[in-house]
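Novice: My structure is below; once you've seen it, I'll send some questions.
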Amino acid sequence: MLSKPEEVIMAVLAAVWVVLTYFLAGWTGAAAKYVLLITAFSGVWAVLAFLLWKTGWAGRLWPVLAGGLVACWWPFLDWFAVRGIVSQKGGALVVAAPWYASWGFKLLLSLAVTAAGYWHKWRLARKAKF
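Following my numbering, the numbering of the sequence shown begins with 580 at its first residue and continues without gaps.
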């Protein structure tokens, strides 16, 4: 699978990215459950980005990858919504999610990043080429 030196370098960079994501998520003060979710999603994202890079599609799909990277941090919004809530008896507590922890906002956030990326690609393609 890793037959070329640049593939090894990219795989190491992807692993470093996942480790940095773990420390960044932990630095925010999120609970371990959310830190591990963010790290796992970032790991899946890194593997997908590596495979797309290896096949040559990453240059065309980087806005989708950017939106996916935003989606990796969706659990952080869930943690941010419930960070101050403590159950008295340790039982289950049902709380209505605020607007920033709703699925609609999360999806809109990822789609906005993806749309901004494709808009940027479109602007670069329209530039005069000399």
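No residue lacks a Cβ here, since even glycine has one placed at the ideal position from N, Cα and C.
Given a threshold of 16 other Cβ atoms within 10 Å of its Cβ, counted over all protein chains shown, does Ile588 qualify as buried or as exposed?
Specialist: To locate residue 588, count along the sequence shown from 1; it is residue 9. Result: exposed.
Novice: If you drop the 5 nearest sequence neighbours on each side, which residues of the same chain put their C-beta closer than 8 Å to that of Leu688?
Specialist: Numbered from its first residue, the sequence shown carries residue 688 at position 109. Val649.
Novice: Just the Cα atoms here: how many angstroms apart are Ile617 and Lys708?
Specialist: On the sequence shown, residue 617 is found 38 positions in, with the first residue counted as 1. On the sequence shown, residue 708 is found 129 positions in, with the first residue counted as 1. Cα to Cα, Ile617 sits roughly 41 Å from Lys708.
Novice: Report the start-end ranges of each alpha helix (DSSP H) in the segment 604-673 that is 4 residues or longer and not cut off at the edges.
Specialist: 611-634, 637-651 and 653-661
Novice: Determine the closest residue to Ser621 out of Tyr697, Gly663, Gly646 and Glu586, with distance taken between C-alpha atoms.
Specialist: By one-based count along the sequence shown, residue 621 stands at place 42. Relative to the Cα of Ser621, the nearest Cα in the group Tyr697, Gly663, Gly646 and Glu586 belongs to Gly646.
Novice: Write down the C-beta distance between Ala590 and Phe629 rounded to the nearest angstrom, noting that I regard them as a contact closer than 8 Å.
Specialist: Working through the sequence shown from its first residue, we reach residue 590 at position 11. Working through the sequence shown from its first residue, we reach residue 629 at position 50. Confirmed, about 6 Å.
Novice: Is Val643 closer than 8 Å to Thr693 when the C-beta atoms are compared?
Specialist: For the purposes of this step, residue 693 is identified with residue 114 of the sequence shown, where counting begins at 1. For the purposes of this step, residue 643 is identified with residue 64 of the sequence shown, where counting begins at 1. Going by C-beta atoms, Thr693 is nearer than 8 Å to Val643.
Novice: Assuming Asp657 contacts Ala675 under a Cβ cut-off of 8 Å, what Cβ separation, rounded to an integer in Å, is found between them?
Specialist: Here residue 657 is taken as the residue at index 78 of the sequence shown, counted from 1. Here residue 675 is taken as the residue at index 96 of the sequence shown, counted from 1. 13 Å between Cβ atoms; not a contact.
Novice: May I have the straight-line CA-CA distance separating Ala609 from Phe602, to the nearest angstrom?
Specialist: Numbered from 1 along the sequence shown, position 30 holds the residue referred to as residue 609. Numbered from 1 along the sequence shown, position 23 holds the residue referred to as residue 602. Near 11 Å, if we compare the C-alpha coordinates of Phe602 and Ala609.
Novice: With a 10 Å radius around its C-beta and 16 neighbouring C-beta atoms as the bar for buried, classify Ala604 as buried or exposed.
Specialist: Within the sequence shown, numbered from 1, the residue matching residue 604 stands at position 25. Label assigned to Ala604: buried.
Novice: For Trp701, count neighbouring C-beta atoms within 10 Å of its own C-beta (all shown protein chains included) and say buried if the count is 16 or more, exposed if not.
Specialist: Taking the sequence shown and counting its residues from 1, the one referred to as residue 701 is at position 122. Looking at its Cβ environment, which holds fewer than 16 other Cβ atoms inside 10 Å, Trp701 is exposed.
Novice: Name the residue from Ala625, Gly663 and Arg639 whose alpha carbon lies nearest to the alpha carbon of Val595.
Specialist: Residue numbering aside, residue 595 sits at position 16 when the sequence shown is read from its first letter. The option with the nearest alpha carbon to Val595 is Ala625.
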